[in-house]
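In the working numbering, the protein residues as written are 0 to 573.
Contents: one structure, followed by commentary.
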Amino acid sequence: MELAAAQRPKKIRIGDMLISEGVITSEQLDMALSDQKRTGKKLGAVLVENGYVDESRLLNLLAQQLNIPFVDLKRFPYKPETIKILPETHARRFRAIALEDRGQSLLIGMADPTNLFSYDELSRVLRKPIELAVVREADLLDIIDQMYRRTDEISGIAAEMEQALATTEDIALDQLETTGNAADAPVVRLLKSVLEDAVQVNASDIHIEPGERDLRIRFRQDGVLRVQTSADRRIASALVSRVKLMAGMDISEKRLPQDGRFQMRVREKTIDIRLSTVPTQNGESVVMRLLNQSSGMLSLSHLGLPDGSLKRFKRLISAPYGMVLVTGPTGSGKTTSLYAALQELNRTEAKIITVEDPVEYRLPGITQVQVNSKIDLTFTRILRTLLRQDPDIVLIGEMRDDETVEIGLRAAMTGHLVLSTLHTNDAISTPLRLADMGAEPFLIASSLRGVVAQRLVRKVCGSCAVPFEPTEADRQLIESSLGKMPGNASFVRGRGCTHCNSTGYHGRTPVFEILEMNDELARVMQKGDPVAFSEAAHKQSGYQSLRVAALELAAAGMTTLDQVRRATFGVEAD
């Protein structure tokens, strides 16, 4: 039964409620209260984080005690215009969301409906009787980030700049390009709004692309580019110049590509921004890669590796020496996996040195070296010096040429654990690719410990997922790789909803293929026979190809068969 309109909620002591229900013990409550005092977090969050109670059970119990509904926001058909009844500042401050306008009252979802102060303030702001529902805080924050976008604000600022340029083009352009202190300058406000919006929706890249008639700004979300706004192309020069100033780049040089970097504090997050410009026919095109330094690195256990694959990966990187390669195309998560491996290996007794271009994340306790080709500080030059720095573990950003491969393999053979990346389609083709780059087969056989190939596939939106019956072409794909249709398969697809911007997908998850070099593979490798090597690799115990791993995710309802095709295009079929 729902709470009557305008009925003020009662204060509930969550700890006492959980004890009376037999969910937690007094000792667990005491430990949670101690942790709460130390961390400053809410008691409910501490109880969930410590594993004393499941979040869904906690919220359902709270809803029962307050005689209000628990609303699963992932499945609730909310309307954007209703959500925006409550201003963003209040939604974030009070962890609340307007779910339904019932005419005489409003249904408001709250992460903590026992907070009487928040209830009173919301009643004052909305000027309507409130009916409460309890919602999951993480889902609430996701929807707030998605709904309170800055699209209108960005379009408005862009239009303001267009008007200024239409009246006094030359003077305004000079002022906009060089303004450094005027925080209210349209170009500064536009850039600030674009960055805030990108961070809010977890975009990985911002593309500023001048066209023949307009300027297009696009965000890359979940690996897919989406248009954020379009504007008059005359503002492109001002916007690009301002970004280049922030990155310490030469704004007078517009004929050559440039790279830069700067750091900003956006929405209480430290964002490292890598900037790349390239001259085009219509002006300079800019791509900004956003790296959230505040989010921290993922650990190996949070990468998404199945238990068996996780054990194999840990076994590979726990070797005292040898080379481990992570392969895949650009944007497949290779760097994330390598940094997770370094987190696992980072101990006081181990000297770890990385050679990167560029250094993406700062890792405490690890010596990181940035490649600088302008002063001839190349991978090979740094590597020759690093081996005299007495490292135990060396990370090489990428195996780019035969000389880097040679040095890396010899370092692996002489007592160092070497981690690196390589652009190959799958794990099996990687040792053969090293041979194509000039490495001797005996050196590969004796130095290479293993290869981890990976891809990222989009996850089906949990809010609009519906069962899907595979087509005849789908069945052929499944049976050619798995032998037969899995008996317990539950294929799904997303219909598209407000939660996923009508795409049917929300988020991404990795797919892995792990190849461990054993004596048999080393022996075949030395013979230089690619067919025999491939056959021996497929027979290896525990080996699973990228396509099989991706199909298993699809059969479990996590992704779609279309994503399997995209992720494993060009990969050797089983």
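No residue lacks a Cβ here, since even glycine has one placed at the ideal position from N, Cα and C.
Given the structure is predicted, the values throughout are model-derived calculations rather than measurements.
*Excluding five sequence neighbours on each side, which residues of the same chain lie with their C-beta closer than 6 Å to the C-beta of V523?*
By the criterion of a C-beta distance shorter than 6 Å, V523 is surrounded in its chain by A531, F532, A535, once the five residues flanking it on both sides are discounted.
*To the nearest angstrom, how far is it from the Cα of R546 to the Cα of A472?*
The alpha-carbon atoms of R546 and A472 are separated by roughly 15 Å.
*P68 vs A110 beta-carbon contact at 9 Å*: Their beta carbons are not under 9 Å apart, which means P68 does not touch A110 by this criterion.
*How should R12 be labelled, buried or exposed, when 16 other C-beta atoms within 10 angstroms of its C-beta is the threshold for buried?*
Counting every other CB atom within 10 Å of its CB across the protein chains shown gives R12 a total below 16, marking it as exposed.
*Residues that D204 bridges to, as DSSP identifies them*: R219, R288.
_Other residues of its chain near L58: CB distance less than 6 Å, five sequence neighbours each side excluded_ = The answer, listed in chain order, is F69, V133.
*asked:* Is the beta carbon of V198 closer than 9 Å to that of L121?
replied: Note that the C-beta distance between L121 and V198 is not below 9 Å.
*Go ahead and pull the three-state DSSP assignment for V608.*
With the chain covering only 0 through 573, there is no way to say anything about residue 608.
_Collapsed DSSP secondary structure at V325 in the structure displayed_ = Three-state DSSP puts V325 in a strand.
*Three-state secondary structure (DSSP) at I18?*
When DSSP states are grouped into helix, strand and coil, I18 belongs to the helix group.
_Selection from K526, H498, V451, R74 that minimises the alpha carbon distance to L302_ = When each option's Cα is compared against that of L302, the closest is V451.
*Would you mind giving the Cβ-Cβ distance between V456 and T329, rounded to the nearest angstrom? I have them listed as a contact below 8 Å.*
16 Å between Cβ atoms; not a contact.
*asked:* Which residue wins for smallest C-alpha separation from E130, given the options I107, L115, P466, E136?
replied: Nearest C-alpha to E130: I107.
*asked:* Assuming D258 is part of the beta strand (DSSP E), what are its boundary residues?
replied: Segment 257-265, the beta strand (DSSP E) holding D258.
*For G321 and A411, the rounded distance between their alpha carbons*: Going by the C-alpha atoms only, they are around 4 Å apart.
*In terms of alpha-carbon separation, which member of F93, L98, H89 lies closest to P79?*
Among F93, L98, H89, the Cα nearest to that of P79 belongs to L98.
_Alpha-carbon to alpha-carbon, R148 and D196_ = Cα-Cα distance, rounded: 6 Å.
*Cα-Cα separation, D173 to D204*: Reliability fails at D173, whose pLDDT of 39 lies under 50, so the model's placement of it is uncertain and no value is given.
*Note the first and the last residue of the continuous beta strand (DSSP E) segment covering S317.*
Taken as a continuous stretch (DSSP letters only), S317 belongs to no beta strand (DSSP E), as it is neither H nor E.
*If you run the structure through DSSP and keep just helix, strand and coil, what is E515?*
Strand, per DSSP.
*Return the chain-ordered list of same chain residues with a C-beta closer than 7 Å to the C-beta of F75, the five sequence neighbours on each side being excluded.*
Result list for F75: L98, in chain order.
*Backbone CA spacing between L297 and Q342 [nearest angstrom]*: In this structure, the alpha-carbon of L297 lies about 8 Å from that of Q342.
*Exposed or buried, what is A181 when buried is set at 16 or more other beta-carbons lying within 10 Å of its beta-carbon?*
In this prediction, A181 scores a pLDDT of 46, lower than 50, which makes its location untrustworthy; the coordinate-derived value is nonetheless stated afterwards. Taking all protein chains in view, the Cβ of A181 is surrounded by fewer than 16 other Cβ atoms within 10 Å, so the residue is classified as exposed.
_Inter-residue spacing [alpha-carbon to alpha-carbon] between D119 and S229_ = Taking the straight line from one Cα to the other gives about 41 Å.
*From the DSSP output, read off the bridge partner residues of L106.*
L106 is bridged to E99, E130.
*Thinking C-alpha only, which one of A237, R212, V200 is nearest R219?*
Ranking A237, R212, V200 by Cα distance to R219 puts V200 first.
*Could you give the C-beta distance for C463 and H498, rounded to a whole number, given that I count them as a contact under 8 Å?*
Contact holds; Cβ gap of about 7 Å.
*Selected residue, minimal CA-CA separation from Y504, among K458, S251, S479*: Checking every option, the nearest Cα to that of Y504 belongs to K458.
_Those residues which DSSP pairs with K268 across a bridge_ = The partner list for K268 (beta bridge, DSSP) reads V265.
*According to the neighbour-count rule (16 or more other Cβ atoms, all chains shown, within 10 Å of its Cβ), is V404 buried or exposed?*
Looking at its Cβ environment, which holds 16 or more other Cβ atoms inside 10 Å, V404 is buried.
*Can you grab the Cα-Cα spacing for the pair P128 / L42, in whole Å?*
Using only the alpha carbons, I get a separation of about 28 Å.
*Inter-residue Cα distance where the pair is T567 and E348*: If I take the Cα positions, the gap works out to 40 Å.
_Quick check on M484: buried or exposed, where buried means 16 or more other Cβ atoms within 10 Å of its Cβ?_
It counts as exposed.
*Touching or not, the stretch 346-360 and the stretch 376-396, by the rule of three or more beta carbon pairs under 8 Å?*
Short answer: they touch.
_Three-way DSSP call (helix, strand, coil) for P509 in this model_ = Reduced to three states, the DSSP call for P509 is strand.
*With distances taken Cα to Cα, identify the nearest neighbour of S489 among C496, D528, Q475, L550.*
Ranking the options by Cα distance to S489, first place goes to L550.
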